[in-house]
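Participant: Numbering (the working numbering), first residue to last: 78 to 249.
Ideal Cβ placement from N, Cα and C applies to all residues, glycine included.
Note that the structure is a prediction, hence the values are computed from the model and not measured.
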Amino acid sequence: MPQSTATAMLHLEAEQTDLLRRVEQFLFLEARLQDTHAYDEWEALWADDATYWVPANGSDTDPERQMSIIYDNRSRIGVRIDQLKTGRRHTQTPRSELARIISNVELVTQVGDEIEVRANAFIFEDNLRGETLWASRNEYRLRITDGGFKLVRKKVGLVNNHKPIFTLSFLI
Numbered sequence: 078m079p080q081s082t083a084t085a086m087l088h089l090e091a092e093q094t095d096l097l098r099r100v101e102q103f104l105f106l107e108a109r110l111q112d113t114h115a116y117d118e119w120e121a122l123w124a125d126d127a128t129y130w131v132p133a134n135g136s137d138t139d140p141e142r143q144m145s146i147i148y149d150n151r152s153r154i155g156v157r158i159d160q161l162k163t164g165r166r167h168t169q170t171p172r173s174e175l176a177r178i179i180s181n182v183e184l185v186t187q188v189g190d191e192i193e194v195r196a197n198a199f200i201f202e203d204n205l206r207g208e209t210l211w212a213s214r215n216e217y218r219l220r221i222t223d224g225g226f227k228l229v230r231k232k233v234g235l236v237n238n239h240k241p242i243f244t245l246s247f248l249i
């Protein structure tokens, strides 16, 4: 292999590694903001054209034709946050104590300034009902901006979404 080809491949690999690291840091930040109920900061991560989707009854459903646990556009995300901040969301009085673990982060594709990402999440929730463990396979579309990343789409595929589920108001 010629030296210039090897150097180019190493440079490309270093760029991918750096991008993966930056994506991981963004996903870790998003998880921390959710866990600490930093709603305004979490909302600021979303692009104006964003969608947030938590499917029900499987992961390959059509949110336009079938029921979802959450299927919000950017405006609805803001409404949910405003409701949580009133203190009158009784399912979150007192607020759940949360801890998320984000793992298995994969860069899937990059087209222009948008990146498709997959990751797994494990969420520990403690509240008056008791302790609940949630697991999900998440899909993200992130937009690269001058200030970092913006969430364009987030799909949270709960592993047990085919069963009756307790309230998920902590997901926002």
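When DSSP labels each residue in this structure, what does R218 get in the three-state scheme?
Facilitator: Strand, per DSSP.
Participant: Hey, would you say R220 sits closer than 8 angstroms to V229, going by beta carbons?
Facilitator: Result yes, Cβ atoms of R220 and V229 sit closer than 8 angstroms.
Participant: Please specify which runs of the alpha helix (DSSP H), each continuous and at least 4 residues long, are wholly inside the region 96 to 163, giving them in chain order.
Facilitator: Whole alpha helix (DSSP H) segments, 4+ residues: 116 to 120 and 151 to 162.
Participant: Please state the DSSP three-state secondary structure of V173.
Facilitator: Reading off the sequence shown, one finds Ser at residue 173, where the question assumed Val. Coil at S173, not helix or strand.
Participant: Taking the beta carbon of V156 as the centre, do at least 16 other beta carbons fall within 10 Å, making it buried, or is it exposed?
Facilitator: When all chains shown are included, V156 counts as exposed.
Participant: Under 8 angstroms between the Cβ atoms of V182 and A196?
Facilitator: Taking 8 angstroms as the Cβ cut-off, V182 and A196 qualify as a contacting pair.
Participant: Any contact between the region 123 to 132 and the region 98 to 106? By contact I mean 3 or more CB pairs, one from each, below 8 angstroms.
Facilitator: In short, these stretches do not touch, since the Cβ pair count stays below three.
Participant: Would you give the residue range spanned by the beta strand (DSSP E) that D203 belongs to?
Facilitator: That run of the beta strand (DSSP E) goes E191 to N204.
Participant: Just to confirm, are R151 and W119 a CB contact at a threshold of 8 angstroms?
Facilitator: Contact: no.
Participant: So the beta strand (DSSP E) K231 belongs to, where does it begin and stop?
Facilitator: G225 to L235 is the extent of the beta strand (DSSP E) around K231.
Participant: Is the beta carbon of N204 sitting closer than 8 angstroms to the one on A133?
Facilitator: Contact flag unset, no.
Participant: Going by C-alpha distance, which of R206, I147, M144 and D139 is nearest S251?
Facilitator: The chain is shown only over 78 to 249; residue 251 falls outside these bounds and no answer can be derived.
Participant: Keeping to the same chain, check which residues put their C-beta closer than 6 angstroms to that of F226; ignore five residues upstream and five downstream.
Facilitator: Cβ neighbours of F226 beyond the five flanking positions: F103 and L219.
Participant: Would you list the residues sitting across from T186 in a DSSP beta bridge?
Facilitator: DSSP, once it has assigned bridges, lists E193 as partnering T186.
Participant: Who are the Cβ neighbours of L110 in its own chain at under 6 angstroms, not counting the five residues just before and after it?
Facilitator: Closer than 6 angstroms at Cβ, skipping near neighbours: E118 and W119.
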